[in-house]
Amino acid sequence: MVDKVAEAAATALPNGVSLRQDGVYLDVSLPPSQLAASVSQMFAAGAYLADIAYPVFIRALFQVGPPLPEGAPGDTCVRVASSVQKMDPRRRALYRGLKMGRGLAEYVFEPLFYEEQELPDGTMIPETPVKLDFDEFVADMWGKGVRYGIDEAAVRHGINSPKGDRVTVARRLDPEPSVDAHVVEVSQELHRSDAPRTRADGRVDLASFQNRFPQIRKGMRLLRKMPGVQGARGLEVTGTVLLSAPPADLDFRRWIGEGTSIDRGEQGEYLIADKDGFLDVDAKAGTISVRDKIVSREGVSGRTTGNLELAGAFEEFGDVQELRDVHGSDITIRGNVFGNIHSSGGEILLGGNIVGGSAINAKGDIKVKGVASSSTLHTKDGEIVLKGRAENCVLIGTKVTVEEASNCDIVADEVHIVLAEGCAVAARSIDIDSAGPRRQTEMLVLVHIPDTSHLDAQLTELEGKVGALEGYRAQFQREAEQITSVPQVRAYMNLTARLRKGEATLTPEQAPQLKKMAALVEPQLKQVGQLLQKMKAAESQVAVRRAQLAELRKQKDDLVAQAHCTIKLVSGDVTVRSLALAPGVPSPATAAPKEVRAFLRGPLPGATLIFSDSTGSVDCHGIQALQPVQPADEAGPDADEMDQAEEE
């Protein structure tokens with residue numbers, strides 16, 4: 189039953205607050221600020237809500253906390269209490285002030301008593317213990333500025349506590365932090381597989397991983413930009429709204445790298461691949477690229493990549509650890525190398541040091557910007573360039589250029605060294621600025637003399653043919669002179685010569701005699717003409733053969749001139765020898781690295797000593813082995829050549 193006070197209050201209830209048969213209702217369709225003002229008006233009038241459902245009350249006013257209970261369809265009101273009661277002024281005096289600050293409200297609970305009271309008839313009523321009421325507490329605290337965040341359990345505990353205590357009765361609701369704009373992955377292709385690789389024969393290779401470098405297709409979505417989300421608002425105990433800092437935006441463009449771009453559409457912003465290639469995530473620069481070559485930044489080790497067998501170009505910014513192998517082509521290592529690099533072609537570029545490792549290139553250059561120590565560098569067709577120092581290394585290539593080499597074994601066609609100490613060097617062309625021993629290791633230089641035997645054989649054959657042709661020409665000339673020495677022939681030839689020169693003329697009577705003389709010597713003159721034609725043919729063949737001889741001699745001179753050794757400064761014991769390469773023997777530059785040391789520092793039968801001293805310099809050019817060449821049989825022109833000469 190609603191008491192008379194409640195009935196009186198119901199008639200004065202503000203807008204948004206209604207009294208029904210089963211309790212007090214708030215109209216949640218009204219704006220929260222208007223509803224809060226109505227509650228303030230009701231509490232200011234001295235009323236309070238009996239049996240208040242505080243979580244529902246707070247949800248209706250501030251839209252925080254548990255969801256509201258469902259009501260009848262179309263009903264926008266929610267029950268918050270059983271009735272509206274008038275607070276007794278005597279009880280209102282029981283509620284003390286409170287302390288607010290730093291988002292808290294503190295209240296001191298203590299035992300309370302009604303003071304001794306004398307009735308009109310003189311009856312004395314002694315002090316009577318009394319307790320606070322939670323419903324009244326909510327209304328009283330509202331008037332004192334605490335409108336949100338009352339801890340019902342703490343308040344009820346303080347009310348029922350037999351001793352006094354300071355209790356935090358209300359706490360503010362801190363706003364939730366906003367979610368800044370961020371980037372999420374949208375493709376599983378971005379992830380690598382670290383499972384052990386299965387070989388073609390079915391065996392598992394525990395030293396290699398299945399897929400360390402994902403391949404990306406053109407148009408594939410890689411990342412998505414998620415917009416920022418404003419954090420849920422908070423509330424002070426006074427009911428003041430607290431807003432979180434607005435979410436920070438991000439510049440999605442900074443993620444763009446080579447081969448990627450941003451696609452903006454109805455579904456959002458995506459980072460997509462502009463071409464087919466390999467994914468490159470640069471965590472330091474914060475970019476994602478799709479490159480034609482594989483790029484790694486974590487180094488090559490048993491933990492990160494395992495051994496690598498790659499089909500394309502490869503660039504590594506980290507180190508290659510010991511016992512790790514990298515197979516590929518066009519390999520660039522920015523860090524240090526302690527393992528083994530194998531390239532099927534292209535260039536091997538080492539930006540750091542190589543220590544205790546190897547770099548082997550089937551076809552292409554090897555370049556090292558740092559130091560090489562106790563390592564093997566081998567290219568079968570290419571140049572080796574070391575910008576730094578090389579120590580205890582084996583260097584094999586077509587051309588080797590080193591700034592400083594110490595205790596190294598070097599084999600190439602061309603060698604250029606600024607400072608060499610205790611090295612064994614073998615090449616066709618050697619240029620060293622300064623050379624000397626290294627402690628107990630001597631400095632050995634071996635000049636490879638080119639094989640000219642095939643050119644010598646051709647020269648001998650051509651010289652024989654030229655001699656034979658000149659012999660035939662002389663023979664034809666002798667035969668012609670023998671015929672022209674016959675008196676009748678000589679007289680006819682002299683007479684015709686005088687007639688052509690105009691030194692003599694014929695009378696009509698002498699003309700028949702000249703015809704008769706010509707008929708007598710005609711066979712001899714015809715034979716002389718044939719001999720003269722053969723002489724001209726022989727002379728033509730001699731000129732051709734002599735031109736061929738000149739070209740072969742030039743080729744031989746150029747080949748021999750390539751063999752040279754220059755040491756500008758000899759500082760300590762240095763030995764320089766020459767060794768003729770046997771015909772058909774492959775160049776030492778193609779030798780296996782294990783065989784190089786034995787070849788260079790072992791016995792060299794057939795080597796010729798050029799220099800052995802501790803001071804001075806060496807400058808030898810055009811060195812040629814003095815090997816006897818077996819002369820070819822004296823051979824004249826073959827039958828075809830003679831036939832050609834006769835025809836001409």
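Residues in the sequence shown are numbered from 189 upward in steps of one, following this note's numbering.
We put the beta carbon where it would ideally sit given N, CA and C, even for glycine.
In this text the structure is predicted, and so the values were computed from the model without any measurement.
- prompt: Mind pulling the alpha helix (DSSP H) runs of 4 or more residues that sit fully within the stretch 212-268?
  reply: You should have 220-232 and 242-250.
Roughly how many angstroms separate the alpha carbons of Gly506 and Val613, rounded to a whole number?
Each residue's Cα considered, the two are about 33 Å apart.
Nearest candidate by alpha-carbon position, reference Val374, set Ile798, Tyr458, Asp745 and Gly534: Comparing Cα positions, the closest option is Tyr458.
Beta carbon of Val514 nearer than 7 Å to that of Leu496 = Yes. Within cutoff.
| task | Could you check if Thr839 is buried or exposed, using at least 16 other CB atoms within 10 Å of its CB as the buried criterion? | result | This structure does not reach residue 839, given that the chain is present from 189 up to 836, and the question cannot be answered.
Query - Own chain partners of Leu747 with C-beta closer than 8 Å, once the 5 adjacent residues on each side are dropped - result: Only Pro638, Thr640 and Leu643 meet the Cβ criterion.
Tell me which residue opens and which closes the alpha helix (DSSP H) that Asn348 is part of. Note, Asn348: alpha helix (DSSP H), Glu340 to Asn348.
Checklist entry - When the Cβ atoms of the stretch 247-260 are set against those of the stretch 205-223, are three or more pairs found closer than 8 Å? => result By the criterion of at least three beta-carbon pairs nearer than 8 Å, the stretch 247-260 is in contact with the stretch 205-223.
> Does the distance from the C-beta atom of Ala593 to that of Ala608 stay below 7 Å?
Replying inline: Less than 7 Å separates the beta-carbon of Ala593 from that of Ala608.
Could you tell me which uninterrupted alpha helix (DSSP H) segments, each at least 4 residues in length, are contained entirely in the stretch 301-338, listed from first to last along the chain? For the stretch 301-338, whole alpha helix (DSSP H) runs of length 4 or above, ordered along the chain, are 322-331.
query: In the structure shown, what three-state DSSP assignment does Tyr295 receive?
result: Look at Tyr295 here: in three-state DSSP terms it is strand.
Point to revise | C-alpha gap between Gly534 and Ile521, whole angstroms | key: In a straight line, the C-alpha of Gly534 is about 14 Å away from that of Ile521.
message = Does Lys557 come out as helix, strand or coil in the three-state DSSP assignment?
response = Three-state DSSP puts Lys557 in coil, outside helix and strand.
_Contact between the stretch 202-214 and the stretch 226-245 (3+ Cβ pairs under 8 Å)_ = Yes: at least three Cβ pairs fall under 8 Å.
For the stretch 405-413 against the stretch 437-450, are there 3 or more C-beta pairs whose distance is under 8 Å?
-> Yes: the two stretches touch, three or more of their Cβ pairs being nearer than 8 Å.
CB contact flag (Gly544, Phe526, <7 Å): Gly544 is a Cβ neighbour of Phe526, given a cutoff of 7 Å.
Look at the Cβ atom of Thr763, then the Cβ atom of Leu632, and state whether they are nearer than 7 Å. Yes, the pair counts as a contact, with Cβ atoms nearer than the cut-off.
Query raised in the report: Name the DSSP beta bridge partners of Lys587, please?
Result: In the DSSP output, where bridge partners are listed per residue, Lys587 has Glu571 and Glu602.
Among all the DSSP beta bridges, which residues are the ones paired with Asn549? Answer is Ser531 and Thr567.
Which residue marks the beginning of the beta strand (DSSP E) containing Ala461, and which one marks its end? First-last of the beta strand (DSSP E) with Ala461: Gly456 to Ala461.
- Message: Tell me which residue opens and which closes the alpha helix (DSSP H) that Leu788 is part of.
- Response: In this chain, the alpha helix (DSSP H) harbouring Leu788 covers Pro781 to Arg789.
Specify, as a first and last residue, the run of the alpha helix (DSSP H) that Arg442 falls within.
Neither: Arg442 is in no alpha helix (DSSP H) and is coded neither H nor E.
Practice problem: For Thr629, name the three-state secondary structure that DSSP assigns. | Solution: Strand.
With 16 other Cβ atoms within 10 Å as the buried cut-off, status of Phe301: Classification of Phe301: exposed, given that the 10 Å Cβ count is below 16.
What three-state label does DSSP hand Phe397 in the structure shown?
Per-residue confidence for Phe397 stands at a pLDDT of 45, beneath the threshold of 50, marking its modelled position as unreliable; the derived number appears in the next sentence. Phe397: strand per DSSP, three-state reduction.
Q) In whole angstroms, what is the alpha-carbon distance linking Leu201 and Phe245? A) Going by the C-alpha atoms only, they are around 16 Å apart.
| field | Sequence-distant residues of its chain with Cβ nearer than 7 Å to Val784 (five each side left out) | value | Here the set comprises Val582, Ile584, Asp597 and Val599.
Find out if the Cβ-Cβ distance for the pair Val425, Tyr283 is shorter than 7 Å.
Not in contact: Val425 and Tyr283 (Cβ atoms no closer than 7 Å).
Beta-carbon spacing of Ile572, Ile554 below 7 Å = Yes, the pair counts as a contact, with Cβ atoms nearer than the cut-off.
inquiry  = As a quick exercise: from Arg627, Arg626 and Val603, pick the residue whose alpha carbon is nearest that of Leu634.
reply    = Closest in C-alpha terms to Leu634, from the list Arg627, Arg626 and Val603, comes Val603.
Would you check if the distance between the CB atom of Ile404 and the CB atom of Leu467 is smaller than 7 Å? Result yes, Cβ atoms of Ile404 and Leu467 sit closer than 7 Å.
* **Beta-carbon spacing of Val758, Ser800 below 7 Å** => Not closer than 7 Å, so no.
- Task: Quickly, what does DSSP pair Asn580 with across the bridge? List them, please.
- Result: According to DSSP, Asn580 bridges with nothing at all.
Whose C-alpha, out of Gly333, Asp368 and Val556, is nearest the C-alpha of Gly289? Gly333 is the residue among Gly333, Asp368 and Val556 whose C-alpha sits nearest the C-alpha of Gly289.
Item to complete: Could you check which residue in Ser366, Gly453 and Asp464 has the C-alpha nearest to that of Gly407?
Response: Comparing C-alpha distances from Gly407 to each of Ser366, Gly453 and Asp464 shows the shortest one belongs to Asp464.
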